[in-house]
Amino acid sequence: MATPRIEITFCTQCKWLLRAQWYAGELLQTFADEVGEVALVPATGGMFRIDIDGTAVWNRKRDGGFPEITDLKRRVRDLIAPEKSLGHADRND
Numbered sequence: 037m038a039t040p041r042i043e044i045t046f047c048t049q050c051k052w053l054l055r056a057q058w059y060a061g062e063l064l065q066t067f068a069d070e071v072g073e074v075a076l077v078p079a080t081g082g083m084f085r086i087d088i089d090g091t092a093v094w095n096r097k098r099d100g101g102f103p104e105i106t107d108l109k110r111r112v113r114d115l116i117a118p119e120k121s122l123g124h125a126d127r128n129d
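And the structure:
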């Protein structure tokens, strides 16, 4: 079975590498058994996107800024492992 590839495309002009790395680490830690790869893709022009196998999960311009990590994990989970519990991230407090 093929495992998903997550791409985090970030603007180098905006110095968003550290943010992209942090998201990548969080996703790898949470979805270690479900993800095949997390790739960091440098870009320009204010771009910050997170895609899974070509499906847009987050787009800074469309979704307004950067995701809260719990929201991002929920969106990723819903696409690649809908049965997976995220513990406290699943609560709506």
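In the numbering used here, the protein residues as written are 37 to 129. Beta carbons: idealized from backbone N, C-alpha and C, even for Gly.
Residues sharing a beta bridge with residue i, DSSP
i	result
leucine 76	Ile44
isoleucine 116	Note: isoleucine 116 sits in no beta bridge, so no partner.
phenylalanine 84	Phe46
threonine 91	Ile88
Candidates the options, of which the one nearest residue i by Cα
i	options	result
phenylalanine 46	Leu64, Phe67, Ala38, Trp94	Trp94
alanine 79	Lys120, Phe102, Lys51	Lys51
glutamate 73	Lys120, Gly82, Phe84, Gly61	Gly61
alanine 68	Pro40, Thr48, Met83, Ile44	Pro40
serine 121	Trp58, Glu70, Lys97, Tyr59	Glu70
tyrosine 59	Gly100, Gln49, Thr106	Thr106
arginine 111	Thr66, Ala38, Gln49, Thr48	Thr66
isoleucine 42	Gly90, Gly101, Asp126	Gly90
glycine 82	His124, Glu119, Thr48, Gly123	Thr48
Whole-number beta carbon distance between residue j and residue i, since they are thought to touch under 8 angstroms
i	j	result
leucine 76	alanine 56	5 angstroms
Proximity of residue i and residue j at Cβ, strictly below 8 angstroms
i	j	result
valine 108	isoleucine 86	The sequence shown places leucine at residue 108, rather than the valine named in the question. Closer than 8 angstroms, so yes.
isoleucine 88	leucine 64	no
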